[in-house]
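Here is the structure we will look at, set down as structure tokens.
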Amino acid sequence: MNKTRTVSYSKWGYIFLIPFFLSFAIFSLYPLATTVYYSFFEYYRSGLKEIGPNFVGLQNYLAMFSEVPQYFGNTILMWLMGFIPQITVALLLAAWLTDLRLRLRFQGFFKTVIYMPNLIMASAFAMLFFTLFSESSSGPINSILMNLGIIDQPIRFMTYVWGSRGLVALMNFLMWFGNTTIILIASIMGVDPVLYEAADLDGCTSGQMFWKITLPLIRPMLVYTFITSLVGGLQMFDVPQILSNGQGTPNKSTMTVIMYLNQHLFSKNYGAAGAISVLLFLICGALCVLVYWSQTREDV
Numbered sequence: 001m002n003k004t005r006t007v008s009y010s011k012w013g014y015i016f017l018i019p020f021f022l023s024f025a026i027f028s029l030y031p032l033a034t035t036v037y038y039s040f041f042e043y044y045r046s047g048l049k050e051i052g053p054n055f056v057g058l059q060n061y062l063a064m065f066s067e068v069p070q071y072f073g074n075t076i077l078m079w080l081m082g083f084i085p086q087i088t089v090a091l092l093l094a095a096w097l098t099d100l101r102l103r104l105r106f107q108g109f110f111k112t113v114i115y116m117p118n119l120i121m122a123s124a125f126a127m128l129f130f131t132l133f134s135e136s137s138s139g140p141i142n143s144i145l146m147n148l149g150i151i152d153q154p155i156r157f158m159t160y161v162w163g164s165r166g167l168v169a170l171m172n173f174l175m176w177f178g179n180t181t182i183i184l185i186a187s188i189m190g191v192d193p194v195l196y197e198a199a200d201l202d203g204c205t206s207g208q209m210f211w212k213i214t215l216p217l218i219r220p221m222l223v224y225t226f227i228t229s230l231v232g233g234l235q236m237f238d239v240p241q242i243l244s245n246g247q248g249t250p251n252k253s254t255m256t257v258i259m260y261l262n263q264h265l266f267s268k269n270y271g272a273a274g275a276i277s278v279l280l281f282l283i284c285g286a287l288c289v290l291v292y293w294s295q296t297r298e299d300v
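Numbering (the UniProt record's numbering), first residue to last: 1 to 300.
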């Protein structure tokens with residue numbers, strides 16, 4: 001009697017996943033576990049002498065709470081100052097560029113121009129703004145304002161708390177609003193045009209279509225944009241690092257959590273750096289879960 005031989009294809013899926021899991025375990029999971037492990041140890045360098053690792057329990061975590069809340073507040077504040085205009089402008093541009101009734105020409109050109117700032121390295125962008133807003137009278141912005149008679153003396157933008165924070169927020173806005181716009185354009189183009197045609201026949205205005213049709217249907221993409229921007233904002237480093245020369249001036253008002261972490265890595269204090277990394281990981285995770293739950297609970 002001939003037996004029918006069956007071929008199982010499901011195992012090949014697991015075999016193809018092996019390289020990913022190996023790479024993840026070696027380059028992500030192991031470093032993460034090591035970071036958590038050393039966060040409970042006193043482990044640093046003092047000159048040429050290496051101290052530790054000596055187990056200290058939660059001492060590294062407790063030592064952070066005198067400074068981390070201030071730097072965390074700085075990070076969130078500068079992120080919000082950049083994100084709110086970013087998402088507002090991106091929504092307006094996306095709605096404008098996808099409105100079929102306007103029949104806009106050269107849309108490809110507009111999209112390219114909008115996205116171009118995202119291609120510039122953040123460090124290069126920061127150096128550009130550092131030069132533009134130079135405190136001397138030869139700085140481009142100060143020179144223009146003085147030639148127009150608006151000011152008599154050069155403005156030292158980076159010596160003011162809100163001046164420095166405003167520059168950081170402005171750079172983050174300019175770098176990322178184009179990327180957000182392209183994402184939202186793709187999301188809006190995925191909405192069924194029949195819905196807009198039916199609303200138009202019912203006499204709905206453009207504003208009503210935007211608030212009643214577009215926004216509710218692209219909410220998943222808005223949640224994605226918010227979460228990815230939040231995670232990126234909590235990792236803000238290069239722009240304020242260059243503008244303040246790594247000092248968070250003035251008065252530590254532009255010092256972010258990652259800049260604070262970098263100082264411990266530079267001083268070879270691996271235990272404290274590990275504790276800050278773990279805390280930031282937990283904060284990012286908690287905020288992302290909170291945002292996702294608050295934005296999707298109506299769908300459950």
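The beta carbon of each residue, even a glycine, is placed where N, CA and C say it ideally should be.
Which partner residues of residue i appear in the DSSP bridge assignment?
i     : result
Asn54 : Glu42
My output table needs one value for residue i: the three-state DSSP class, helix, strand or coil.
i           : result
Lys11       : helix
Lys49       : strand
residue 303 : Here the chain has residues from 1 to 300 only, and residue 303 is not among them.
Asn74       : helix
Thr256      : coil
Phe24       : helix
Ser277      : helix
Asn269      : coil
Ser66       : coil
Can you find the residues in the same chain that come closer than 6 angstroms, C-beta to C-beta, to residue i, ignoring five residues on each side of it along the sequence?
i           : result
Ser244      : Thr254
Tyr260      : Tyr71
Trp79       : Gly233
Leu174      : Pro117
residue 337 : Within the shown structure, residues of the chain are numbered from 1 to 300, placing residue 337 beyond reach of any answer.
Going by Cα to Cα distance, which pick from the options is closest to residue i?
i      : options                        : result
Ile87  : Gly178, Gln208, Ser267         : Gly178
Tyr43  : Gly52, Thr35, Ser136, Tyr37    : Gly52
Ala169 : Val191, Leu29, Ala122, Phe20   : Ala122
Ala124 : Gln153, Thr205, Asp238, Glu50  : Asp238
Trp162 : Gly57, Gly82, Tyr9, Glu67      : Gly82
Pro154 : Ile141, Pro240, Gly166, Ser164 : Ile141
Leu77  : Asn172, Tyr115, Ile242, Trp176 : Asn172
Glu67  : Ala186, Cys284, Phe266, Ile258 : Ile258
Phe109 : Leu97, Leu119, Arg101, Leu102  : Leu97
Gly248 : Ala198, Arg165, Ser206         : Arg165
Here's a check: name, in chain order, each residue in its chain whose Cβ is nearer than 7 angstroms to the Cβ of residue i, leaving out the five neighbours to either side.
i      : result
Phe226 : Val291
Phe55  : Phe40, Phe41
Starting from the C-beta of residue i, find all residues in its chain whose C-beta is less than 8 angstroms away, skip the five residues before and the five after it, and write them out in chain order.
i      : result
Tyr160 : Pro250
Cys288 : Ile227, Leu230, Val231
Using a Cβ-Cβ cut-off of 8 angstroms, state whether residue i counts as contacting chain C.
i     : result
Ile15 : Reference to chain C is not applicable here, since this structure consists of a single protein chain.
Practice task
Could you pull out every unbroken alpha helix (DSSP H) segment of at least 4 residues lying fully inside the segment 95-173, listed in chain order?
Solution key: 107-115, 122-132, 140-147
Handout entry: Secondary structure, alpha helix (DSSP H): runs of 4+ residues fully inside the segment 177-238
Key = Scanning the segment 177-238 for uninterrupted alpha helix (DSSP H) segments of 4 residues or longer gives 193-201, 206-209, 219-234, listed from N- to C-terminal end.
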